[in-house]
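Working notes, beginning with the structure itself.
Protein chains: 2
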Amino acid sequence: MARLVAERADIVPALGELFRTHGYQGTSLALISERTGLGKGSLYHFFPGGKEEMAQAVLADIDGWFEREIFAPLRASEGECETTAGARIAAMFAAVDAYFRSGRRACLVGTFALGQVRERFTVVIDGYFWRWQVALAGALARAGVPAHEASGIAEEVLVGIQGGIVLAHARDDSEVFRRTLERLRARCRLAP
Amino acid sequence: MARLVAERADIVPALGELFRTHGYQGTSLALISERTGLGKGSLYHFFPGGKEEMAQAVLADIDGWFEREIFAPLRASEGECETTAGARIAAMFAAVDAYFRSGRRACLVGTFALGQVRERFTVVIDGYFWRWQVALAGALARAGVPAHEASGIAEEVLVGIQGGIVLAHARDDSEVFRRTLERLRARCRLAP
DNA sequence: GCATATCTGTACCAAATGGTACATACAAAA
DNA sequence: TTTTGTATGTACCATTTGGTACAGATATGC
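Line order of the protein sequences matches chains H and G. Counting along the first sequence from 1, when you hit position 180 you're at 180 in UniProt numbering, and nothing is skipped either side. Counting along the second sequence from 1, when you hit position 31 you're at 31 in UniProt numbering, and nothing is skipped either side.
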């Protein structure tokens, strides 16, 4: 009985990839057990709430990552550090491209939003998109975009990212996603 | 044993709504049986291939509907009838808004594209988006949009529709979808 | 009226589902 | 070294899964 993981956080990323590619219902405990290498004993030790708690943990992990790597940097007001708001928006696009692997990786929040499972995770799903849009709109305003346009453009960016992921998957082609990001970047009045 | 349906086409729409909201794996035969009112006997009579054949039938049905109501009208060259290419594009947006119920109804093709199920239905998923984009690009060109821009704008429209659906679901708000369509309409240089 | 092809309900199947119980192995603190 | 809390594997559970078999009901053509 060699110990495989020290804490549950160690397998959350693997769980994330499973839920991404197989959906909530499509991710069976057998599959989870196989991919993580952990038996049911361990799984239910780390996640007493079973599959639902695993999904919640994954969503919290993703939410935390975006908060740290995307939302917070966007919100950081100028003066705190030397980078401009424009540079931070550019950094967001780069991070998004990397995170979603140019559209080859699905957005778990978006995937959950589309199905019936949404109801189980409403709060997280709702918060994720709202906080992203508000943070981006703020950065856009600080970058010189007229206040009444900022929120609309931010919404446009989120729509584009999600749509780009869908089309990239449908066509099995990451170029659609890259082109979309490029276009959105231009829409934010940033140099490529 | 009262007869409920004359032919399998009668229950395909109901199957579509089930797959839309519960996904492929989430749609169990028990659920199908309950919602359609048909027992397994009837279901396997109409769809000997089981669930997979049901999903294929639904996709074929959807594909046929879009071909008839969206793609073909877009392709129709001017002169065949009196409407202009611009009017046909406007009609497409209206039809899309109605079909997806302003984003409250998911796109089954998009949903399938995101998950692992994609592999089972690659051909249909691929064809659906390509034919749509090509037809729309043609109509745009005929409406006066420069040829080198038409395909890009068409892609932008498809991305926007899919992204709009995702965000409308996430926020449980159809306004995001309507705003997106409005914006895309403007992008096609059409009056609202 | 009768034969035939088309439907439909029920019973059944093996496999997989999410989940529980518990004895055992391990590591770190005492 | 013993103790204690943390992991882990295995066996097991009821339920549900997708799918089959088939007898009986219902239409339709002759």
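By construction, the Cβ of each residue, glycine as well, lies at the ideal position given by its N, Cα and C atoms.
Contact with chain H by residue i, beta-carbon distance below 9 Å
| i | result |
| --- | --- |
| G:R171 | yes |
| G:H22 | yes |
| G:P192 | A caution first: G:P192 carries a pLDDT of 45, below 50, which makes its placement in the model too unreliable to give a value. |
| G:R118 | yes |
| G:R131 | no |
| G:E155 | yes |
| G:Y99 | no |
| G:T180 | yes |
| residue 216 of chain G | Missing from the structure shown is residue 216 of chain G; chain G here goes from 1 to 192 and no further. |
| G:Y128 | yes |
| G:R183 | yes |
| G:T36 | no |
| G:Q56 | no |
| G:V159 | yes |
| G:V176 | yes |
| G:G144 | no |
| G:G164 | yes |
| G:G152 | yes |
is_contact[residue i, chain G] using C-beta, thresh 9 Å
| i | result |
| --- | --- |
| H:E17 | no |
| H:C107 | yes |
| H:G50 | no |
| H:Q25 | yes |
| H:I11 | no |
| residue 198 of chain H | Here chain H has residues from 1 to 192 only, and residue 198 of chain H is not among them. |
| H:T83 | no |
| H:A113 | yes |
| H:G110 | yes |
| H:V96 | no |
| H:L167 | yes |
| H:I125 | yes |
| H:C188 | no |
| H:V134 | no |
Reduced DSSP category for residue i - H, G, I as helix; E, B as strand; rest coil
| i | result |
| --- | --- |
| H:L38 | coil |
| G:D63 | helix |
| H:D173 | coil |
| H:V134 | helix |
| G:T111 | helix |
| H:A91 | helix |
| H:I11 | coil |
| H:R183 | helix |
| G:S28 | coil |
| H:F19 | helix |
| G:P48 | coil |
| H:G144 | coil |
| residue 195 of chain G | Because chain G here runs from 1 to 192, residue 195 of chain G falls outside it and cannot be looked at. |
| H:A106 | coil |
| G:R101 | helix |
| G:R189 | coil |
| G:A76 | coil |
Beta-carbon spacing of residue i, residue j below 9 Å
| i | j | result |
| --- | --- | --- |
| G:V124 | G:V134 | no |
| H:V117 | H:Q56 | no |
| H:T122 | H:F19 | no |
| H:S151 | H:R104 | no |
| H:A14 | H:R35 | yes |
| G:G115 | G:G23 | yes |
| G:L74 | G:K51 | no |
| G:V159 | H:V166 | yes |
| H:G86 | H:A147 | no |
| H:F177 | H:S102 | yes |
| G:I161 | G:C107 | yes |
| G:V145 | G:R183 | no |
| H:R88 | H:A98 | no |
| H:L31 | H:I11 | no |
Spatially closest choice to residue i from the options, by CA coordinates
| i | options | result |
| --- | --- | --- |
| H:T83 | H:R105, H:F112 and H:A139 | H:A139 |
| H:F100 | H:T21, H:A113, H:C188 and H:V145 | H:T21 |
| G:A9 | G:L31, G:L29, G:A30 and G:S42 | G:S42 |
| G:A168 | H:R68, H:E155, H:S102 and H:S33 | H:E155 |
| H:L136 | H:P146, H:V157 and H:E119 | H:V157 |
| G:R131 | G:K40, G:R187 and G:F71 | G:F71 |
| H:E119 | G:A147, G:A170 and G:G144 | G:A170 |
| H:G127 | H:F93, H:Y44, H:G16 and H:I62 | H:I62 |
| G:W65 | G:R187, G:K40 and G:M92 | G:M92 |
| H:A113 | G:D172, G:A98, G:I89 and G:R88 | G:D172 |
| G:E67 | G:F129, G:T180 and G:R179 | G:F129 |
| G:H45 | G:T180, G:E7 and G:V58 | G:E7 |
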